[in-house]
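Colleague: Got a structure for you, written out below as C-alpha cells; questions coming shortly.
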Amino acid sequence: MTEFTPWASLIGGTMIGLSAVLLMLWEGRIAGISGIAGRLLPPYRDGAFLSRLGFIGGIVAAPLLISLASGTPVSQTISSNVPLMVVAGLLVGFGSVWGNGCTSGHGVCGLSRLSARSMVATATFMATAFITVFVVRHVIGG
Amino acid sequence: MSFLVNLALGLLFGTGLVVSGMADPAKVLNFLDIFGTWDPSLAFVMGGAVVVAFIGYRLVLRRDAPIIGKTFHLPTRQDIDARVVAGPAIFGIGWGLCGFCPGPALAAIGLGATGTLAFVPAMIAGMWAARLLAEKRA
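Listed below in C-alpha cells is the structure:
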C-alpha cells in the first residue's frame, strides 16, 4: 500500500507543468525527458547540448538537495532484481525514444497541446502499463 | 547562461517529481494496479501538470519567439504512424515492470539504489539504440 496523497501530487504536478512552460518561454522547447536525455548522446544536430545537460543535471540534483535540506533521505521502494531492471530499462529507453516521447513529452506537454499523436501515445503506454502490472501482480503473482 | 536556467528548470521539474510521489516506483506501480492496491494519486500529478501547461503554453505561444532563440521548436506532425503506437506500447511494458519512466529514473540516480543503477544504463542504451535505428531508417 502507498498513501493517497492528492494535494502533494497536485502541487508536484503543478511544479512539473510550470517547469515545462518556463522551458518553452526560455528557449522554445518541449520538456520531454526522453527527448532531452536521448539527445545527450551523439550525433549532435543542434547547439543545445549544454541546455540539455543542465536540465538533466537539475533533475538528478533535486532529490539530493531535498534530502540535504530536509535532513531525511527521499524515500523510495524499488526492485533490486537486476535482470528485471535491465530488461525494463531497455524497454523504457527504446520505447520512449522510438515513440518520440514518454510520460512528460507525450503525457504532459503533448496532451496540453491537444496533440492527436500524443493522445494516442499516452493512451497506448497507459494501457500496456496497466496490463503489465495486472499480469505481473494478478495473473503470475496472484 | 542557458545551462544555468536549464539547471534551475530541471531542479523545479525534479522537485515536482519528488513532491508528487512520482519519484517512488512503488507509488507508480500502485497507481497502475487498479484491481489491487490502487493509489490514484498520480492522476493528480498528470492533472496538475497538464492544466498548468495547457494555460501556460497558450500564454507563452502568444509571443513571436522564446526569450533566447528565434523560433519555438514545436512538433508539427499529426499523422498516426506505427512508431507512435509501437514505441509507447514497448515503453509502457517496461514502465509497468518496474515503475520507472525516464524522469523519475534519472532523479533516482543519486539515491544509489541497486535497481536504479541497473536500470539507468540500460535505459540510456535503449534510447541510443532507438535514435541510431531511427536515423538509419530516415
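Chains A and B supply the protein sequences, listed in that same order.
Residue numbering for the first sequence follows my numbering, starting at 86 and increasing by one per position.
Residue numbering for the second sequence follows my numbering, starting at 1137 and increasing by one per position.
For each residue, glycine too, the CB sits at the ideal point set by N, CA and C.
Predicted model only: the values in this text are computed from it and were never measured.
(1) Decide if Tyr129(A) is buried, meaning its Cβ has at least 16 other Cβ atoms within 10 Å, or exposed.
(2) Would you list, in chain order, the members of the stretch 139–152 of chain A that have their beta-carbon closer than 9 Å to a beta-carbon of chain B?
(3) Do Ala116(A) and Met1263(B) have their C-beta atoms within less than 8 Å of each other?
(4) For Gly1248(B), go through chain A and note every residue whose CB falls closer than 8 Å to its CB, in chain order.
(5) Mind checking whether Val1187(B) and Leu1178(B) have CB atoms under 8 Å apart?
(6) Give a yes or no on whether 8 Å exceeds the smallest Cβ distance from Asp1160(B) to chain A.
(7) Since I believe Val193(A) is in contact with Ala1189(B) (beta carbons under 8 Å), could you give me their beta-carbon distance rounded to a whole number of angstroms?
(8) Looking at the secondary structure, which residues open and close the alpha helix (DSSP H) in which Leu176(A) lies?
(9) Whose Cβ in chain B lies nearer than 7 Å to the Cβ of Gly192(A)?
(10) Roughly how many angstroms lie between the CA atoms of Ile151(A) and Ser1156(B), to the nearest whole one?
(11) Use the C-beta contact count for Ser203(A): other C-beta atoms within 10 angstroms, 16 or more gives buried, fewer gives exposed.
(12) Count the other C-beta atoms from every protein chain shown that fall within 10 angstroms of the C-beta of His65(A), then say buried if there are 16 or more, exposed otherwise.
(13) Under a CB-based cut-off of 8 Å, is Ala93(A) close to chain B?
(14) Would you decide whether Asp1175(B) is buried or exposed? Buried here means 16 or more other CB atoms lie within 10 Å of its CB.
(15) With 8 Å set as the bound, which would you pick, yes or no: does the beta-carbon of Lys1272(B) sit closer than that to a beta-carbon of chain A?
(16) Helix, strand or coil, according to DSSP, for Lys1206(B) in the structure here?
(17) I need the DSSP call for Ser160(A), collapsed to helix, strand or coil.
(18) Quick one: list the residues of chain A neighbouring Asp1175(B), beta-carbon separation under 7 Å, in chain order.
(19) Would Asp1200(B) count as contacting chain A if we go by Cβ distances under 8 Å?
(20) Would Gly174(A) count as contacting chain B if we go by Cβ distances under 8 Å?
(21) Helix, strand or coil: which one does DSSP assign to Arg114(A)?
(22) I need the DSSP call for Ile141(A), collapsed to helix, strand or coil.
(23) When you compare the CB positions of Gly139(A) and Leu1140(B), do they come within less than 8 Å of one another, or not?
(24) Taking three-plus beta-carbon pairs below 8 Å as touching, is the stretch 1247–1256 of chain B in contact with the stretch 163–176 of chain A?
(25) Is the beta carbon of Ala214(A) less than 8 Å from the beta carbon of Trp1231(B)?
(26) Quick one: grab the DSSP three-state call for Trp1174(B).
(27) Using only the alpha-carbon positions, how far apart do Ala1225(B) and Ala201(A) sit?
Modeller: From the atom records:
(1) Residue numbering aside, residue 129(A) sits at position 44 when the first sequence is read from its first letter. Burial check for Tyr129(A): the Cβ neighbour count within 10 Å stays below 16, so the residue is exposed.
(2) Residues are counted here when their Cβ sits less than 9 Å from a Cβ of chain B; for the stretch 139–152 of chain A these are Gly139, Phe140, Ile141, Gly142, Gly143, Ile144, Val145, Ala146, Ala147, Pro148, Leu149, Leu150, Ile151, Ser152, given in chain order.
(3) As a first step, residue 116(A) must be located in the first sequence, where it is residue number 31. As a first step, residue 1263(B) must be located in the second sequence, where it is residue number 127. Not a contact, by the Cβ cut-off of 8 Å.
(4) On the second sequence, position 112 is the one that residue 1248(B) refers to. The CB of Gly1248(B) never comes closer than 8 Å to any CB in chain A; the least such distance is about 10 Å.
(5) Within the second sequence, the letter at position 51 stands for residue 1187(B). Within the second sequence, the letter at position 42 stands for residue 1178(B). No.
(6) As a first step, residue 1160(B) is located in the second sequence; it is residue number 24 there, counting from the start. Taking Cβ atoms only, chain A reaches closer than 8 Å to Asp1160(B), which makes this a yes.
(7) Within the second sequence, residue 1189(B) is the residue found at index 53, counting from 1. Within the first sequence, residue 193(A) is the residue found at index 108, counting from 1. About 6 Å separates the Cβ atoms of Ala1189(B) and Val193(A), confirming a contact at the 8 Å cut-off.
(8) Your numbering for residue 176(A) matches position 91 in the first sequence. For Leu176(A), the enclosing alpha helix (DSSP H) stretches over residues 167–183.
(9) Reading the first sequence from its first residue, position 107 is the one you call residue 192(A). Result: Met1182.
(10) Numbered from its first residue, the first sequence carries residue 151(A) at position 66. Numbered from its first residue, the second sequence carries residue 1156(B) at position 20. So the two alpha carbons sit approximately 13 Å from each other.
(11) By one-based count along the first sequence, residue 203(A) stands at place 118. Per the 10 Å Cβ criterion, buried.
(12) For residue 65(A) there is no data in the structure shown, the boundaries of chain A being 86 and 227.
(13) Taking the first sequence and counting its residues from 1, the one referred to as residue 93(A) is at position 8. Cβ-Cβ to chain B under 8 Å: yes for Ala93(A).
(14) Within the second sequence, the letter at position 39 stands for residue 1175(B). Around the Cβ of Asp1175(B), a 10 Å sphere holds 16 or more other Cβ atoms; the residue is buried.
(15) The residue labelled residue 1272(B) in the question sits at position 136 within the second sequence. Among the residues facing chain A, Lys1272(B) is not included, as its CB has no counterpart in that chain under 8 Å away.
(16) Translated into positions along the second sequence, residue 1206(B) becomes position 70. In the three-state reduction of the DSSP assignment, Lys1206(B) falls in the coil class.
(17) Counting from 1 along the first sequence, the entry for residue 160(A) is found at position 75. Correct three-state label for Ser160(A): coil.
(18) Position 39 of the second sequence, counted from the start, is the residue given in the question as residue 1175(B). Neighbours of Asp1175(B) in chain A, taken as residues whose beta carbon is under 7 Å from its own, are Thr87, Phe89 in chain order.
(19) As a first step, residue 1200(B) must be located in the second sequence, where it is residue number 64. Not an interface residue.
(20) To locate residue 174(A), count along the first sequence from 1; it is residue 89. Closer than 8 Å: yes.
(21) Your numbering for residue 114(A) matches position 29 in the first sequence. In this structure, Arg114(A) counts as coil in the three-state DSSP scheme.
(22) Within the first sequence, numbered from 1, the residue matching residue 141(A) stands at position 56. Ile141(A) carries a helical assignment under DSSP once its states are collapsed to helix, strand and coil.
(23) Position 54 of the first sequence holds residue 139(A). Position 4 of the second sequence holds residue 1140(B). With contacts defined by Cβ atoms closer than 8 Å, Gly139(A) and Leu1140(B) form a contacting pair.
(24) Yes, they touch.
(25) The residue you call residue 214(A) lines up with position 129 of the first sequence. The residue you call residue 1231(B) lines up with position 95 of the second sequence. Yes. Within cutoff.
(26) Translated into positions along the second sequence, residue 1174(B) becomes position 38. Per DSSP, reduced to three states, the secondary structure at Trp1174(B) is coil, with no helix or strand assignment.
(27) Along the second sequence, read from residue 1 onward, the residue named residue 1225(B) stands at position 89. Along the first sequence, read from residue 1 onward, the residue named residue 201(A) stands at position 116. Those two C-alpha atoms are separated by around 16 Å.
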